[in-house]
């Protein structure tokens, strides 16, 4: 979707202003929200791509003013409401509706380290040979899907050179909508700044993006 | 119905629920506390598991991990070669892979090439080697301008690079995670691997700073 989350190339967001000696958390609730995201129960089939999509569906006027871990709160709540795992009344009151059966399958503390070490593997064996080779010129297709995608607007229609090939990886566009992992070859494509931003851009600098095969066409 | 139509319907269904936020308190501390109470009552969260995740990222995972990788690459040319040809394997040798860092690529900064990492679409970051990202990395100013004006962005971090240096900005749009191996500073020839690791900063492994001796 062409959402506010797709920020590459925008002006007007102000200075970066890195904080000196930044603490890990700016308030205790941030740590609790982080731990709930990592260790809480999500709807069946929920995955990282769906998480990112739910986050990018936060309306722009809230996305831009709410802090990072507040995005996590909003996304978790949206996932719970959408799946029926919680109701609006429950979210508002902080208490389960009378008569709710308590589940007993939440992640336990002794499962945390193993989850951290083994989770998040997205490479998949894929039998089709890659369409593109390292060094080949490719164009990022000019596509504008309304669902989740990971081809940023600033590279669409632009020509670059395949820099790396990563083999098969889970396709977010499908996985985010619980339509299967649909793995495709994943490439890193290098775009010159002049191709992306015009003749006034640096003649030697580059931006590189990780792009799935169906995002690309020969150039 | 096409796959895109289904995706559109699905998006609309999830998005519908964001309108609850007009009915909730603005203070996130109150909302998050209520959420943890609710999920604990429902058996969807074990508060001790939340504690364990927080503890893990406070004490076991952080930029000290990445600094060890960098220092090893500085002192051990064989390791550096392995890191550059297959970072996932080389970082796995040190048992530093994990969630949001299972597919790694190492980028070496040199006097000619300077690498910089961003995630323009969200906040992708190599958690197992760098820990949790700083606020600026996740914020709109950095995400919007790193790919558009990296030289201007680096100046805001106090790093001005000569024109002849080629800047490569790596936008983490997939599940590949990038670790910058900064240049080893001059005058550190006598330092041990451990002493070198102590010099390596988080910012230098994102690419917004150099390592100082």
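Protein chains in written order, with the working numbering: chain A, 1 to 219; chain B, 1001 to 1213. Every residue gets a Cβ at the ideal spot worked out from N, C-alpha and C, and that includes glycine. Predicted, not measured: the structure shown is a model, and the values here were computed from it.
Please name the residue in A:151, A:91, A:216, A:26 whose C-alpha comes closest to that of residue 1122 of chain B.
Out of A:151, A:91, A:216, A:26, A:151 has the C-alpha closest to the C-alpha of residue 1122 of chain B.
Nearest to residue 1161 of chain B (by Cα), restricted to the options B:1169, B:1151, B:1170
When only C-alpha atoms are compared, the closest one is B:1151.
C-alpha distance - residue 1100 of chain B paired with residue 1188 of chain B, whole-angstrom precision
For residue 1100 of chain B and residue 1188 of chain B, the distance between alpha carbons rounds to 32 Å.
Proximal residues to residue 174 of chain A (C-beta, below 6 Å), its chain only, five neighbours per side dropped:
For residue 174 of chain A, the CB contacts under 6 Å within the same chain, skipping 5 residues up- and downstream, are 180, 182 in chain order.
Contact with chain A by residue 1099 of chain B, beta-carbon distance below 8 Å
At a cut-off of 8 Å between beta-carbon atoms, residue 1099 of chain B makes contact with chain A.
Could one say the Cβ of residue 8 of chain A lies closer than 8 Å to chain B's Cβ atoms, at least one of them?
Yes, contact with chain B.
Can you tell me the Cα-Cα spacing of residue 1026 of chain B and residue 1112 of chain B, whole angstroms?
Separation of residue 1026 of chain B and residue 1112 of chain B (C-alpha to C-alpha, rounded to the nearest whole angstrom) is 49 Å.
For residue 80 of chain A and residue 1017 of chain B, what's the separation of their Cα atoms in angstroms?
About 10 Å.
Residue-level contact to chain A via CB, residue 1147 of chain B, 8 Å cutoff
Output row for residue 1147 of chain B: interface = yes.
Residue from A:138, A:213, A:62, A:95 whose Cα sits closest to the Cα of residue 1036 of chain B
For residue 1036 of chain B, the closest alpha carbon among the candidates A:138, A:213, A:62, A:95 is that of A:95.
Taking 8 Å as the CB-CB cut-off, is residue 1102 of chain B touching chain A?
Between residue 1102 of chain B and chain A, the shortest Cβ-Cβ separation is below 8 Å.
Measure from the alpha carbon of residue 26 of chain A to the alpha carbon of each residue in B:1008, B:1134, B:1011, then state which is nearest.
Each of B:1008, B:1134, B:1011 was checked against the Cα of residue 26 of chain A, and the nearest Cα belongs to B:1134.
Quick check on the DSSP output: the alpha helix (DSSP H) that includes residue 1080 of chain B runs from which residue to which?
Counting along the chain, the alpha helix (DSSP H) containing residue 1080 of chain B begins and ends at 1077 to 1085.
Proximity test, Cβ basis, 8 Å: residue 16 of chain A and chain B
Yes - at least one Cβ of chain B is within 8 Å of the one on residue 16 of chain A.
Can you list the residues of chain B that residue 210 of chain A reaches, using a CB-CB cut of under 9 Å?
Within chain B, the residues 1170, 1171, 1172, 1173, 1174, 1175, 1176 have their CB atoms less than 9 Å from the CB of residue 210 of chain A, given in chain order.
Grab the span of the beta strand (DSSP E) containing residue 191 of chain A for me, first residue to last.
Taken as a continuous stretch (DSSP letters only), the beta strand (DSSP E) holding residue 191 of chain A covers 184 to 192.
Cutting at 7 Å between CB atoms, please list the residues of its own chain near residue 1001 of chain B, excluding the five before and the five after it.
Annotation note: pLDDT 49 at residue 1001 of chain B (below 50); position unreliable, coordinate value reported separately. Within the same chain, residue 1001 of chain B has no close Cβ partners at all.
Cβ neighbour criterion (16 or more within 10 Å) applied to residue 20 of chain A:
Residue 20 of chain A should be labelled exposed.
Identity of the residues DSSP links to residue 1190 of chain B by a beta bridge:
DSSP, once it has assigned bridges, lists no residue as partnering residue 1190 of chain B.
Alpha carbon to alpha carbon, how far is residue 1050 of chain B from residue 110 of chain A? Give it in angstroms, no decimals.
Rounded to the nearest angstrom, the two C-alpha atoms are 11 Å apart.
Same chain, Cβ closer than 8 Å to residue 1165 of chain B, five either side skipped, listed in chain order
1111, 1112, 1113, 1114, listed in sequence order.
Buried/exposed call for residue 1167 of chain B, threshold 16 Cβ in 10 Å:
Residue 1167 of chain B comes out buried.
If I measure Cβ to Cβ from residue 1175 of chain B and keep anything under 7 Å in the same chain, skipping five residues before and after, which residues do I get?
Cβ within range, chain order: 1103.
Using a Cβ-Cβ cut-off of 7 Å (strictly less than) and excluding sequence neighbours within five positions of residue 1074 of chain B, which residues of its own chain qualify?
Taken in chain order, the residues that qualify are 1184, 1196.
Spell out a yes or no on whether the stretch 1065 to 1073 of chain B and the stretch 46 to 53 of chain A are touching, meaning 3 or more CB-CB pairs, one atom from each, closer than 8 Å.
The stretch 1065 to 1073 of chain B, when compared against the stretch 46 to 53 of chain A, does not touch it at the 8 Å Cβ threshold.
With a threshold of 8 Å between beta-carbons, can residue 1167 of chain B be considered close to chain A, or not?
For residue 1167 of chain B, the answer is yes, since a Cβ of chain A falls inside 8 Å of its Cβ.
Thinking C-alpha only, which one of B:1029, B:1199, B:1078, B:1084 is nearest residue 72 of chain A?
Closest in C-alpha terms to residue 72 of chain A, from the list B:1029, B:1199, B:1078, B:1084, comes B:1029.
Rounded to a whole number of angstroms, what is the C-alpha to C-alpha distance between residue 58 of chain A and residue 1106 of chain B?
Going from the Cα of residue 58 of chain A to the Cα of residue 1106 of chain B covers about 33 Å.
Using three-state DSSP, classify residue 148 of chain A as helix, strand or coil.
Residue 148 of chain A falls in the coil class under three-state DSSP.
Comparing C-alpha positions only, which one of A:114, A:168, A:5, A:87 sits nearest to residue 55 of chain A?
Nearest option by C-alpha distance: A:5.
Does the beta carbon of residue 1015 of chain B sit closer than 8 Å to a beta carbon anywhere in chain A?
Residue 1015 of chain B counts as touching chain A.
My output table needs one value for residue 171 of chain A: the three-state DSSP class, helix, strand or coil.
Three-state result, residue 171 of chain A: coil.
Where does residue 1008 of chain B sit, in a helix, a strand or coil, going by DSSP?
Shown here, residue 1008 of chain B sits in a helix according to DSSP, grouped into three states.
CB contact check: residue 1033 of chain B to chain A, cutoff 8 Å
Yes, residue 1033 of chain B counts as interfacial toward chain A.
Rounded C-alpha distance that separates residue 1212 of chain B from residue 1109 of chain B:
Approximately 14 Å between the Cα atoms of the pair.
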